[in-house]
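**Q** Before we start, here is the structure in question, set down as structure tokens.
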Amino acid sequence: MRYVQFMKHPLFSRFARISVIAGLALGGVGLLLFTLGISPVDIGVTLARGSILSLQKFGHVLTIWIPLLLCSCGLLFTFRAGLWNIGIEGQVVFGAIAATLLLREENLGLPAAATLILAHILSFIGGGLWAAFAGFLKNRGGVNEIFGGLGLNFVAQGLILWLILGPWKRAGVASMSGTEMFARELWLSTPPGWRLAPAALVIACIAFAATAVLLGATRFGLQIRATGINPTAARLFGIHPGRTGLLAMAIGGGLAGLAGGLQVSCVYHRLLPSISSGYGYLALLVVMLAHYRLRPVPAICLFFACLAAGSIQLPIVLKLDSSLAGVIQGACVVSALLVHGLQKRQRGEL
Amino acid sequence: MIELANISKNFGKVQALQGVSLSAEAGSIHGIVGENGAGKSTLMKILTGFTSRSGGEILCRGKKISLDRPSDAMRFGIGMLYQEPLDFPQLSVLENFMAGEAAFAPGQARADLARLAAAFGFVFHPDNRVETLTVGERQQLELLRLIHGGARLLILDEPTTGISERQQEQLFAALRRLKADGAAILLVSHKLEEIDSLCDTVTVLRHGRVAAAMRCPFDRQALLQAMFDSLPERLSPPQTATGKEPVVEFDRVVVTVGRAGLHEATITVRTGEVVGLAGMDGSGQAVFLKIAGGFLPPESGQIRRFGRTLPNGCGCSRDVAFLPADRLAEGLLPGMTLREHHILAARGHIFLSAATGLAGSRRAIDDFNIKGHPETTAEELSGGNQQRLLLSLIPDEVRLILMENPTRGLDVQSADWTWQQLHRRKAEDGAIIFASPDLEEIMAQATRVVVFYDGRIILDTPTAATDYHEISRAITGEAGTTGPSDEVGRSGLLPD
Amino acid sequence: MDPATFLAALVAMAAPLVLAALGETLTEKAGVVNLSLDGTILLGAMTGFVVASVTQSLLLGFLAAGLTGCLVAALVAVIGVWLGQSQVAVGFALTFLCRDLAYFLGNPYARQQGPQLATLPVPLLADLPFFGTVFFTHSFIVYLSFLATPCCIYFLYHTRHGLTLRAAGENPEGCWARGIDPNTVRFLATLAGGAMAGLAGAAFSLAVKPGWGHPQGCEGIGWIALALVIFGSWHPLRVAAGAYFFGLLQLLGIAFQDSFPGIPGQIFQVAPFPLMIFTLILIHLSRNTKNRYFAGFVRLFGSPPPRGLGRPYRRP
Amino acid sequence: NPLNTVAADYPFGLLMVGPANDHGWSQAHFEAGQAMEKILPGAKMLYIDKVNPADRPGITIPMLVDDLVGKGAKLIIGNSDDMKDGIREAAAMHPEVQFIHISGDDALTGKSGANLSNLMGRMEYGKMMAGFTAAMTSTTGKIGYLGPLINAETRRLAAAAYLGARHAWVNVLKKPAAELQFKVNWIGFWFNIPGVTSDPSLVTGSLFDSDYDVVISGIDTTEALVVAGQKKKAGKEVWAIPYDYQGACAVAPEACLGVPYFNWIPGYTKMIGEAMNNKWQQQFLWLGPDWQAINNPDTTSIGFMPGNAMGDPQKKALADFQQALAKGLNLFSGPLNFQDGSTFLKAGETATDAQVWNLPQLLEGIEGASK
Ligand SMILES: Nc1ncnc2c1ncn2[C@@H]1O[C@H](COP(=O)(O)OP(=O)(O)OP(=O)(O)O)[C@@H](O)[C@H]1O
Ligand SMILES: Nc1ncnc2c1ncn2[C@@H]1O[C@H](COP(=O)(O)OP(=O)(O)OP(=O)(O)O)[C@@H](O)[C@H]1O
Ligand SMILES: [Mg+2]
Ligand SMILES: [Mg+2]
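Chains as they are written, first to last, in my numbering: chain U, 28 to 377; chain C, 11 to 506; chain V, 6 to 321; chain E, 776 to 1146.
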């Protein structure tokens, strides 16, 4: 418990905390690997090689970073409003479904570009509605957003299974491997040699900027924060806590839905059961690790994306299971919680 | 029997108790009185080990004992009836009765409960859930539990707030009986007639210190003196012309929340009035203010504000301001800076920059000399400055100001200054309604005094027409003038 | 198929779910939400299988699994109860940490032959006409699941410690005032719940779906268990009933695959969740309703959560 | 002959849909790949397993192909029908690299460029033997088929198994065809994905519980045999026939009637060997068994390995059946009706390869969804 005294130190800065958390998590995992007779160094090198040390691989990292960032932004809205939007996974799925609704139509009579734009707007709306539903259940039905969201996640999963095996299945085929591929022109275009659609990258960056502005530099953002901090007091400032929370949910869900839309339009080009790739849940870990603050989010998303992308190399190069990436991610969050808790003790809040 | 030797306790920066000593004798009832926040409950909780103490010792029959947790207290036969019932609403009466006991014998416990209940004249259905009981019954149950647990020192923290006359009789009978059996009893109360009728000795706390200790019979005057700050001679209330048109009208308003709720409150406040609500904590003033502010829908009855009937739900309308008592918990947004508070309070400002609202909050900081800068967060402010911040957030167009303890934690001159501000604020066509435990303040600032007791308006008169003693008597429940409230309502309009 | 074998299959497949859900019920009754159930079960399944196949001892396998569950629960309790962090947050993070840890550590043993729990029919009872097949021709873990429900009920509602546990979940302050440290109670309850979840994991990897792999096949069960605790509104009997009901749904889903080609059988796997939400809404409405009959009716199959659920206690 | 020409160092990539040690489809490919390193000097295998969206979220075939190519792979094998679109896309991205897509038919339909060939084994024969053995063993006359997802390939194989069973039932055991029940239960994918597919263990279990005493597995993993083993231990007379991998019976030998398996060595040797010697041409290979030595690893592309649980009479009958097949017995010959009653083959007709390959429906007499 050396770091406890360390934390007592008045000069215990944010940077110090970050290094403690990282040290705790990576140290723990490293120790584990060491006891298993695996060299943590090899792992590190392999992960780095597989993620950032080649331009092409970095493209793959970005394809993970984009939806992760979108979901995290969505979560920032809901967490600011004091809501634990565990339903984000379902919101991603719903966005994907909404986008597919449009993209799988052959004869829509619209130019491809218009279809794509519409599809992504639709995905935003789809995710938003699904989230708003959870918010509605909370306001009107007294269903805690955690259980409500969790439930709706699985409902969305059921829906997507039904669509893929039912109405949207390939001709003569009933397979969980997904719907028919979309027409080529309905893929978000990727320049030759690229492995990700620049448009998606732009969307993600815009979304992050928008989140930063909305939450940090508008009256609305302030109202969301007020609702999250103290609903009772918020009413004194003329804020409707219920409504504001609902709105925050809708926006958060919308961003998640957008992530889902991009998953179909530029990663898989079809709808499949695991379309969300678990990014919603992963984003929850990201935002927890960021301690619900905005600024660290892109970096943490990048870190997690690197782990996810690099971990593919583990089985190829070291014959190890890729799930090590998840172990590291989880360990980071748990140790972050531990450190924050210990600090709370130090401050005598417990 | 049990002795407390200069106990002190602080919650963070709040010094709740300082060097308090008192002792409880077997076979006697010892009263503890004091205004709200004096430290009564805290002291008692320390005696049961519920709250940890920052300093001081506890002695049993002369020798020091280590008493750090309720289990210790129980070993010494100390049992407490807490101010806010600490029972298990969703569990059955019997389970509540048994919880915490060393042995588990439902049959036995059922029998004991029946026996004790009979002995004290209480009635229980052991299998009902406790949440279906009244506050009084819950206290009775707790009492029986404590007795069953073999408590020789019983502590009761305001046991009679929000229970019926009958239950009160029953309770007192029980207490006398226990006293006769040689138990020691500590009774915290705000109601002096209870103290009179029950206690052998009484200790008065003020601001966490012992202000006085007396044996019965008590000199009521001295007691009041000790409880509240020095008795003021009549100040002449500010002369404000009372307009005619109503600002707030209550018509037979009933709610059952809070310690005492509100029973059939009927009252009309007119423009130009400054109404002071007096009464012990939880007698109904707070509920009254919340309803007037529109934050609490009445269960029956009607409220009109500026002649318009209130819509339910969020009462936030820009011509009413509400300053709650617990500033940090109900009024301010901890973690947000003064600037952000002012932005939220003001109109406009869709997009914000680091400069937005800076000028505004700077001005407010100067005007209300808040000890802080625009980027200070609310919880960093001291109690007094938090109050200043709240005042500075009141929009200009406000016509009705509702306040709980407006100058709590303010030193004298800043209190005066605050009141100047408030009177200036109150437009000609507006009104102020405030609750305060500080009679001095009410006498000095209000044009009209309304005293609450057990959720009823027990006294309603122009300040000019009453005096300090009538009010303090009314506060402790003995009112000569409990006229029908509508007539009282009229009396509020008498020109003075 | 004849009802006896059908029911026998049902109770066998529901066994681990019953254990996990009851464990979580204990935890939540004490006021702690252990969201890490899904990960705990997987980690338990992995340790159970690995230990059992290395030591060739099923007993050690189950013990190890239970212990693993305890350890995870201990983390939840330390961070969520004693360090006052959000129980949801820590539980959630642990869910994923444990899942991936299980896959990573278990990888070398994936799809290897391991010991399996043999069925041991109860000597005489097994020959009973109908009940024999349904109840007395199973492995010990299934018998354990039979015993678990009555034991839970007895413990919670007929013992002193059960009362204390509920008290701690209901109102920790009151618990403290009665001389019991609620945090200790909560800590122990969390450990107990975790242990049962761990056992449930081993029940999968050593009996119901013998073997370890990625996927093992018990993924998602933890979430189901969490949903069932709410669906059963924190009463062991209703929770267990919910678990069997869920098993029934799944078997029917398979049985009717041909009857409704439109509906994929696996849809039935998500059925508990809408039901859970529905239960919560009913309870909410019954709370706010003036209609006492409706409220009373709802009370039959739904009661509100423990008052102190998820609220950390700190001494003033 | 490509075998005796020593080529330079030749890395090739193998993308497996399941785990390399699944005792099924993927392991068969994996071991064939390892064999290549011995048979074709210089050949070196790079592999990635669990290549499916559930196990590797966010990872697509083109990404992995990029990676393998980056590691120098000159030829890449995609071993699952699930990879069809991905491989097609990757092949378009990397015209300089050769691709083998197992079980697909892009090379026939011309949906892809010249750098993509298809390889498959004539598993119908294996499934016929499986069905035959099942029917010869079954005491209840109820045979269950644990199907993966539904497509032309899986319909083809289920139908083949049925034809084998019916042959045994009617022509060998001389029982009325009506008494034979053959039911297909589809789980939705090639292996269990919890929460996405139906649970194969449960499906098999419910088949056994409703008196289907033999279950033929059509999925890549061994759940069916595992469950059969459990039931056997519990004293039930049931059997299972796994799929894909020669050693699959090892999971529960006492309940295993035998396993029809793929042996990818001949196919790989031909295609990779040609590629190594720059003799690559796009082709669609559908290789059958070596009727002389049906379990000869060097020559046969599909085989049938009898299991411990197969009785001697059944063994003998199976041998005769294999002889007959070798002599040209074709069970895909009329009169045959589709499940919906429409004619597939009139009396005297025999099905063409194309007809068998793209079987549009299950056959009359099979229970279970066709689409
Ligand atoms: N848990 C707590 N945390 C912080 N401050 C507290 C806490 N409990 C009491 N205090 C503070 O300690 C002081 C004494 O509180 P206490 O409850 O003892 O007053 P009291 O005499 O019981 O008042 P009342 O008559 O309203 O019950 C008050 O200023 C109160 O704000
Ligand atoms: N939570 C906090 N974080 C940082 N600083 C704080 C916090 N609370 C109080 N302070 C600082 O400590 C000082 C003392 O606070 P305290 O509330 O005791 O003042 P006070 O003596 O009660 O003044 P007042 O009479 O106005 O209430 C305050 O001036 C404030 O700046
Ligand atoms: Mg008190
Ligand atoms: Mg102060």
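Ideal Cβ placement from N, Cα and C applies to all residues, glycine included.
Note that the structure is predicted; figures quoted are calculated from it, not measured.
Between T997/E and the rest of its own chain, which residues show a CB-CB distance below 7 angstroms, the 5 nearest in sequence each way excluded?
**A** So the qualifying residues of the chain are H798, G799, P1017, A1023, V1026.
**Q** Compute every distance between the C-beta of A352/U and the non-hydrogen atoms of ligand 1, then say whether any falls below 6 angstroms.
**A** Checking every heavy atom of ligand 1 against the Cβ of A352/U, none is found closer than 6 angstroms.
**Q** With a threshold of 7 angstroms between beta-carbons, can K949/E be considered close to chain U, or not?
**A** Chain U, which has no Cβ nearer than 7 angstroms to the Cβ of K949/E, makes this no.
**Q** Within the 7 angstroms Cβ cut-off, does Q61/V reach chain E?
**A** No, its Cβ sits nowhere closer than 7 angstroms to a Cβ of chain E.
**Q** Quick one: Cα of E1012/E to Cα of M208/U, how far?
**A** Those two C-alpha atoms are separated by around 45 angstroms.
**Q** The beta strand (DSSP E) that contains S992/E, what's its start and end?
**A** Start and end: 989-992.
**Q** Looking at the strands, I want to know which residues DSSP matches up with R314/C.
**A** Answer is E259/C, T319/C, bridged to R314/C.
**Q** In chain C, what lies closer than 8 angstroms to A253/U by C-beta?
**A** Within chain C, the residues near A253/U are L343, M346, L354.
**Q** Can a CB atom of chain U be found closer than 7 angstroms to the CB of L924/E?
**A** Taking Cβ atoms only, chain U reaches closer than 7 angstroms to L924/E, which makes this a yes.
**Q** If I measure Cβ to Cβ from G823/E and keep anything under 6 angstroms in the same chain, skipping five residues before and after, which residues do I get?
**A** According to the sequence as given, residue 823/E is Ile; it is not Gly. Contacts found: L790, L839.
**Q** Using three-state DSSP, classify S18/C as helix, strand or coil.
**A** Residue state, collapsed to three classes: strand.
**Q** Do A201/U and F192/U come within 7 angstroms of each other at the CB atom, strictly closer than that value?
**A** Per the sequence shown, residue 192/U should be read as Leu rather than Phe. In this structure, A201/U lies closer than 7 angstroms to L192/U by Cβ.
**Q** Which partner residues of Q25/C appear in the DSSP bridge assignment?
**A** For Q25/C, which the question treats as bridged, DSSP gives the partners N20/C.
**Q** Considering only heavy atoms of ligand 1, does any lie closer than 6 angstroms to the CB of F60/C?
**A** F60/C: no, Cβ never under 6 angstroms from ligand 1.
**Q** Rounded to whole angstroms, what's the CA-CA distance from V72/U to A336/U? Just pull it up for me.
**A** Using only the alpha carbons, I get a separation of about 13 angstroms.
**Q** So V55/V and Y114/V are supposed to be a Cβ contact under 8 angstroms. How far apart are they, rounded?
**A** V55/V to Y114/V, Cβ: 5 angstroms. Contact.
**Q** So, I443/C versus V285/C, is the Cβ gap smaller than 7 angstroms?
**A** For I443/C and V285/C, yes; Cβs fall inside 7 angstroms.
**Q** Might you give, ordered along the chain, the residues of its own chain that have their beta carbon closer than 8 angstroms to the beta carbon of L948/E, omitting 5 neighbours on each side?
**A** Here the set comprises A910, M911.
**Q** Does the CB of N257/U have a neighbour CB from chain C at under 7 angstroms?
**A** So, interface residue.
**Q** Quick check: is the beta carbon of F298/C nearer than 7 angstroms to any beta carbon in chain U?
**A** Judged by the 7 angstroms Cβ criterion, F298/C is not in contact with chain U.
**Q** Taking the beta strand (DSSP E) that T278/C falls in, what are its first and last residues?
**A** 272-280 is the extent of the beta strand (DSSP E) around T278/C.
**Q** Can the beta-carbon of V212/C be found less than 7 angstroms from the beta-carbon of I205/C?
**A** Going by C-beta atoms, V212/C is nearer than 7 angstroms to I205/C.
**Q** For A231/U versus I93/U, is the C-beta distance shorter than 7 angstroms?
**A** In contact: A231/U and I93/U (Cβ atoms closer than 7 angstroms).
**Q** Do you know how far the Cα of L40/V is from the Cα of F67/V?
**A** Each residue's Cα considered, the two are about 22 angstroms apart.
**Q** Looking at the C-beta of V971/E, does it have a partner C-beta in chain U at a distance below 7 angstroms?
**A** It does: the Cβ of V971/E has a partner Cβ on chain U nearer than 7 angstroms.
**Q** Excluding the 5 residues preceding and the 5 following L63/V in the sequence, name in chain order all residues of the same chain whose CB lies nearer than 7 angstroms to its CB.
**A** Excluding residues within five positions, the ones whose Cβ falls inside 7 angstroms are A57, P120, L122, L211.
**Q** Within the 7 angstroms Cβ cut-off, does P300/U reach chain E?
**A** So yes, P300/U belongs to the interface.
**Q** So the candidates are A49/U, T127/U, G122/U; which of them puts its Cα closest to the Cα of A210/U?
**A** Here the closest residue by C-alpha is T127/U.
**Q** What separation, rounded to the nearest whole angstrom, lies between the Cα atoms of L982/E and M904/E?
**A** Near 21 angstroms, if we compare the C-alpha coordinates of M904/E and L982/E.
**Q** With DSSP as the reference, identify every bridge partner of H876/E, one or two as the case may be.
**A** Looking at the DSSP assignment, H876/E forms a beta bridge with G853/E, N893/E.
**Q** Does any residue of chain E bring its CB to less than 7 angstroms from the CB of H267/U?
**A** Answer no: the Cβ-Cβ gap between H267/U and chain E never drops below 7 angstroms.
**Q** Checking contacts by CB at 7 angstroms: is P37/U closer than that to chain C?
**A** No answer about P37/U holds up, because its pLDDT of 48 lies below 50 and its placement is not dependable.
**Q** Where T62/U and P279/V are concerned, what is the direct C-alpha to C-alpha distance, given to the nearest angstrom?
**A** Going from the Cα of T62/U to the Cα of P279/V covers about 45 angstroms.
**Q** Can you list, in chain order, every residue whose CB sits closer than 6 angstroms to a heavy atom of ligand 1?
**A** That gives F21/C, V24/C, A26/C, G44/C, N46/C, G47/C, A48/C, G49/C, K50/C, S51/C, T52/C, Q93/C, D291/C, P321/V.
**Q** So with Cβ pairs under 7 angstroms, would you call F5/C a contact of chain U?
**A** A query on residue 5/C cannot be resolved here, the shown segment of chain C reaching from 11 to 506 and no further.
**Q** Would A332/U pass as an interface residue toward chain C - the criterion being a Cβ-Cβ separation below 7 angstroms?
**A** No - not a single Cβ of chain C is within 7 angstroms of the one on A332/U.
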